[in-house]
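Just so you know, the protein sequences line up as chains A, B, C and D, in that order.
The letter at position 17 of the first sequence is residue 17 when you use UniProt numbering, and the numbering goes up by one with no holes.
The letter at position 72 of the second sequence is residue 72 when you use UniProt numbering, and the numbering goes up by one with no holes.
The letter at position 107 of the third sequence is residue 107 when you use UniProt numbering, and the numbering goes up by one with no holes.
The letter at position 94 of the fourth sequence is residue 94 when you use UniProt numbering, and the numbering goes up by one with no holes.
Using N, Cα and C, we set each Cβ at its ideal position, and we do this for glycine too.
All of these numbers come straight from a predicted model, not from anything done at the bench.
These notes are about the structure you will find just below.
4 protein chains.
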Amino acid sequence: MDREQRRRDWERASEPYLLAASLLFLASYAVQVLVPGLSPGWHAFWSLVSFVTWGLFVAEYLARLVFSDDRKRFVRTRWLDLLVIVLPLLRPLRLIETHDRMQRRRAHPRLALEARVMAYTGLAALLLGFAASLAVYHDERYAPGSTVRTFGDAVWWACSTLTTTGYGDVTPITPRGRVTGAVLMVLGVALVGAVVGSFSSWLLRRFRQEGET
Amino acid sequence: MDREQRRRDWERASEPYLLAASLLFLASYAVQVLVPGLSPGWHAFWSLVSFVTWGLFVAEYLARLVFSDDRKRFVRTRWLDLLVIVLPLLRPLRLIETHDRMQRRRAHPRLALEARVMAYTGLAALLLGFAASLAVYHDERYAPGSTVRTFGDAVWWACSTLTTTGYGDVTPITPRGRVTGAVLMVLGVALVGAVVGSFSSWLLRRFRQEGET
Amino acid sequence: MDREQRRRDWERASEPYLLAASLLFLASYAVQVLVPGLSPGWHAFWSLVSFVTWGLFVAEYLARLVFSDDRKRFVRTRWLDLLVIVLPLLRPLRLIETHDRMQRRRAHPRLALEARVMAYTGLAALLLGFAASLAVYHDERYAPGSTVRTFGDAVWWACSTLTTTGYGDVTPITPRGRVTGAVLMVLGVALVGAVVGSFSSWLLRRFRQEGET
Amino acid sequence: MDREQRRRDWERASEPYLLAASLLFLASYAVQVLVPGLSPGWHAFWSLVSFVTWGLFVAEYLARLVFSDDRKRFVRTRWLDLLVIVLPLLRPLRLIETHDRMQRRRAHPRLALEARVMAYTGLAALLLGFAASLAVYHDERYAPGSTVRTFGDAVWWACSTLTTTGYGDVTPITPRGRVTGAVLMVLGVALVGAVVGSFSSWLLRRFRQEGET
C-alpha cells in the first residue's frame with residue numbers, strides 16, 4: 001500500500017472524530033462566551049477543551065502533511081484546511097461536506113438536488129452567522145460605547161449583515177469585531193446569496209412549469 | 001371511491017372557504033392592531049374571529065391527516081400547511097396558489113407567464129410585508145425606546161427591509177419584533193429578489209428583442 | 001386611411017414635441033424646487049409651464065383614446081401612458097424609447113447592444129433618481145427633524161437608496177417623502193440591478209473570452 | 001514599420017514602467033494621507049513623486065495620441081486611459097490587465113478560469129476600496145461632525161459600502177467625500193457583485209457536479 005492511499009484511508013477514518021471535535025470546539029467557545037458567571041473550575045475545563053480540540057486539528061494537519069508525497073502541492077490544494085486551523089470557528093463547515101458524502105452514498109438521496117444546495121449553503125450561513133455572533137459578542141460587549149449589549153443584539157446584527165440589509169442600529173466598533181464583520185460580509189453574503197438565489201430560481205422555475213401544464 | 005381520492009375532493013371543495021377564512025384572520029388581526037380605541041365588545045368579537053378561523057385551519061389539517069393513507073408522508077410533503085398553522089399570518093399566501101389554479105383552467109390566460117410570475121411573487125411579498133408590518137407594529141409600539149411609533153413607520157421599515165436597503169432609522173428592538181424582522185429578511189428578500197430579478201431580465205430581454213428587429 | 005393608422009401617424013408626429021414638453025416639465029419643477037428666492041413673477045411663470053405641459057400630456061392621452069378603435073384595449077395596453085400622467089416626473093423616461101428608436105433606424109448603430117442596455121437603463125435610473133431627489137427635497141426640507149437639508153443631501157440619499165446601500169444618515173420622514181422613497185426603492189433597484197447585472201456579466205464574459213484566446 | 005505597429009510596440013515596452021509608476025503614485029498618496037507628522041522635506045518629496053508619476057501618465061497618453069493614425073478613434077476607444085488620468089487613483093487597476101496577459105502567455109495557466117475571474121475582480125474591488133478609503137479619509141478626517149476619525153473607520157465604511165450593507169455608522173458628509181462614495185457604490189458594487197456572483201455560481205455548480213457523480 002503506497003503513502004497516498006494510506007493518507008486517504010486515514011482521512012476517511014478520522015473524519016467523524018474530527019467533526020465531533022469541531023462541534024466540541026464551537027460548543028466550548030459558545031459556553032465560555034455565553035454563560036455569564038462561569039466558575040474558575042469550569043472556565044479552566046472549557047478552555048482546556050478548546051485548546052485540546054484545536055491542538056487536534058493542528059496535529060492532524062501536520063500528520064497529513066508528513067504522510068503526503070508532494071508537500072508543496074498538499075499545502076497549495078488544501079489551503080482550506082490551513083484556514084480552519086487559523087480560524088477554527090469555521091471548522092464546523094466541514095459538517096456539510098461529511099453529510100453530503102453520506103447522502104451521496106445512498107442510491108436514492110432523500111432530498112432533491114436543489115433542496116440540498118439550499119439546505120447546505122443555508123446551514124453553512126447559519127453556522128457562520130452563529131460563529132460570527134459569538135466572536136462579535138465576545139469582543140464588543142464590554143467595549144465603551146458598544147451597541148452590542150446582549151447576545152440577541154449580536155444575532156440581530158449577524159442577520160442584518162448576512163442579508164446585506166445593514167440597519168446599523170447594532171454595529172461592531174472594536175478592530176477585531178470589525179474584522180469579523182468584514183469576513184461575515186464577504187463570505188456570508190455569498191452564501192446567503194446562493195440560498196436566496198436558488199430559492200428565487202426555484203420559485204421562478206416552479207411557476208414556469210405550472211404555466212406549461 | 002378510495003381514501004386518497006376523497007381527500008383530494010375534500011381539498012378542492014374546501015379551498016374557497018379556507019381562503020375566505022384566511023383573509024378573515026388577517027382582517028381580524030389588522031383590526032385588533034390598527035383600530036385604536038376598540039370597545040371591549042368589539043375586541044372580544046374580533047378575538048373570537050381570529051380564534052375560530054385559526055381553529056378552522058387546525059381542524060382542517062387534522063381532518064386531512066386522518067383521511068390520509070400514509071400519514072408520515074403527509075406530514076413530510078405538506079410541511080407548508082403545518083407552517084401556516086404555526087404562523088397563520090402567512091396563510092393568505094395560499095391566495096396566490098388558488099388564483100394561479102383558476103388562471104390555468106382557462107384556455108388562454110389573460111397574463112403572459114413572465115407577468116404572472118412578477119404579479120404572484122409581488123403579491124406574496126406585499127402580503128408578507130403587510131403581515132410583518134402589523135406584527136412589528138403590534139409588538140413594538142409601546143416598547144420603551146422604540147422607533148416604531150405609527151403604522152406608517154412599520155410599513156416604511158418593511159419596505160426598506162424587503163429591498164435590503166435597511167436605512168435603520170426604524171428598527172425593531174423587542175425579541176419578538178426582531179424574530180419577525182429576521183423572517184421578513186430571509187423570506188421577503190427572496191420574494192422581492194424574484195420580482196426585481198424578473199423585471200430586470202424582462203427589461204434586458206425586451207432591449208435585446210428590439211435590438212434584433 | 002383607417003383610424004388605427006391615423007393614430008399611429010399622430011403618435012410618430014407628436015413624439016418630439018411631447019419629449020420636449022416632458023423635459024420642460026422636469027426643468028420647470030426643478031427650477032421651482034431648487035432656485036431659492038424665486039420672485040413671484042417667475043414663480044407664476046414656471047408654475048404655468050408645469051401646468052401647461054402637464055395639460056398637454058392629458059390632452060394628448062385623451063385625444064389618442066378618442067381616436068382608438070378599441071378603447072378598453074387602449075387603456076389596458078397603454079397603462080404606462082396613464083401612469084406618467086399621474087406621475088409626470090416619470091415622463092422623461094420616454095426619452096430612452098425615442099433615442100432607441102432613432103438608433104435602430106440607422107443601419108449600423110454606434111453602440112453595441114450590451115452597452116446600449118447599460119446606457120438606457122443607466123439613464124433611466126439617473127432620471128428617476130434626479131426626479132426622486134427633487135420630490136424628496138421639495139417635501140422634506142422644511143419638515144421638523146428632517147435630515148434632508150440641502151439638495152446634495154437628497155441626491156446622496158437617492159444614490160444610497162438606488163444601490164440598496166441605505167446608510168440611513170439621510171432618510172425621508174414625511175408620508176409623501178416616504179412614498180417617493182418606496183417607489184424609488186422598488187423601481188430604481190430593478191433599474192440599477194439591470195445596469196450592475198449587465199456590467200458584471202460583461203466583466204465575466206470579457207474575462208471568459210480572453211481566457212479562450 | 002508603420003505607425004500603428006510602432007504604437008503597439010511602444011505600449012508593450014512601456015507597460016511595466018507605467019505599472020510601477022501607478023503603484024508609486026498610489027504609495028505616495030497613501031504616505032501623504034496616512035503618515036501623521038510628515039516633515040516638510042518628506043512632504044515635498046512625496047508630493048513631487050505624485051506629481052511626476054501623474055505627469056508621466058499625461059505625457060504617455062499624449063505621446064500615444066500623437067503617434068496614432070486615427071486620433072478621434074483613439075480618444076473614443078481609449079476613454080478608459082483618459083479616465084485614469086483624471087482619476088489617477090484608479091490607475092493601479094491596470095495591474096490586473098498586465099497580470100492577466102502574463103498568465104495567458106503561459107501554455108498552462110496556474111489558475112482555473114473561474115478562480116481567475118474571482119481573483120481579478122476581487123483584486124480590483126480591493127484596490128478600488130483602498131483608494132476610496134484613502135480619499136474619503138483625506139477629505140473627511142478634519143470635517144466638523146465627521147464620523148470618519150481614523151483610517152480604520154474609512155476602511156470599515158468602504159467594506160460596508162462595497163457589499164451594499166451600508167450600516168451608516170460611518171458616512172462621508174463633505175461633498176467630495178460623497179462623490180467618492182457614489183463612485184464606489186456604483187463601480188464597486190458591480191465588481192463585488194461579480195465576485196460574489198461567481199462564488200455563488202461556483203458553489204452551486206460544485207454541488208451540482210457532486211450530485212451527478
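- Residue-level contact check: B/Gly152 touches chain C, since one or more beta carbons of chain C fall below 8 Å from its beta carbon.
- Secondary structure note for C/Val66: its alpha helix (DSSP H) is the uninterrupted segment Pro40 to Phe67.
- The beta carbons of C/Val192 and C/Ala125 sit closer together than 8 Å.
- Per DSSP, A/Asp81 is one residue of the alpha helix (DSSP H) stretching across Trp79 to Val86.
- B/Pro144 sits in coil when the DSSP states are folded into three classes, being neither helix nor strand.
- The straight-line gap separating the alpha-carbon atoms of C/Thr150 and D/Tyr61 is approximately 39 Å.
- Between the alpha carbons of A/Ala182 and D/Val186 lies a distance of about 19 Å.
- In this chain, the alpha helix (DSSP H) harbouring A/Pro175 covers Pro175 to Val183.
- With respect to C/Gly166, B/Thr165 sits close: the two C-beta atoms are nearer than 8 Å.
- Here the stretch 120 to 137 of chain C lies against the stretch 22 to 37 of chain C, with 3 or more beta-carbon pairs under 8 Å apart.
- Only those residues of the stretch 143 to 177 of chain D whose C-beta falls short of 7 Å from the nearest C-beta of chain A are listed: Gly152, Trp156, Cys159, Ser160, Thr163, Thr164, Thr165, Gly166, Tyr167, Gly168 and Asp169.
- Between C/Gly168 and C/Glu140, the C-beta spacing is not below 8 Å.
- 8 Å or more divides the Cβ of B/Leu56 from the Cβ of B/Ala13.
- Put simply, the CB of B/Val75 is far from chain C, with every gap to its CB atoms at 8 Å or more.
- Annotation for B/Val155: the continuous alpha helix (DSSP H) segment containing it runs Phe151 to Leu162.
- With respect to the 8 Å criterion, B/Ala143 and B/Thr174 are classified as neighbours on the basis of their beta carbons.
- Residues of the same chain with a CB within less than 6 Å of the CB of A/Met118, apart from the 5 flanking positions on each side, are Val195 and Ser198 in chain order.
- About 6 Å separates the beta carbons of B/Phe25 and B/Trp54, which is inside the 8 Å limit, making them a contact pair.
- Of the candidates B/Val49, B/Leu123 and B/Arg7, the residue whose Cα lies closest to the Cα of B/Pro92 is B/Leu123.
- Assignment of A/Val75 by DSSP, reduced to helix, strand and coil, places it in the helix class.
- Under the 10 Å beta carbon count, C/Ala190 is surrounded by 16 or more other beta carbons and is classified as buried.
- Neighbourhood of A/Val196 in chain B, by CB distance below 7 Å: Val189, Ala190 and Gly193, in chain order.
- With a beta-carbon spacing of about 7 Å, D/Leu90 and D/Leu83 fall inside the 8 Å limit used to define contacts.
- Annotation: C/Tyr29 to C/Val49 spans about 9 Å, alpha carbon to alpha carbon.
- Judged by beta-carbon spacing, D/Thr161 lies beyond the 8 Å limit of D/Leu127, meaning their Cβ atoms are not closer than that value.
- Taken through DSSP and simplified to helix, strand or coil, A/Pro172 comes out as coil.
- Contact note: A/Val136 does not reach chain D at a C-beta cutoff of 8 Å; the least C-beta distance is about 13 Å.
- In the three-state scheme derived from DSSP, where H, G and I count as helix and E and B as strand, B/Gly188 is classed as helix.
- At the C-beta level, A/Arg7 and A/Arg64 come within 8 Å of one another.
- Annotation for B/Trp157: Val170 place their beta carbon closer than 6 Å to its own, counting only its chain and skipping 5 residues before and after.
- A Cβ of chain C is located within less than 8 Å of the beta carbon of D/Val186.
- For the stretch 113 to 126 of chain B, residues whose beta-carbon sits nearer than 8 Å to a beta-carbon of chain A comprise Leu113, Arg116, Val117, Tyr120 and Thr121.
- DSSP places C/Thr121 within a helical segment (H, G or I) once states are collapsed to three.
- Per the coordinates, the alpha-carbon of D/Val52 lies some 10 Å from the alpha-carbon of D/Ala59.
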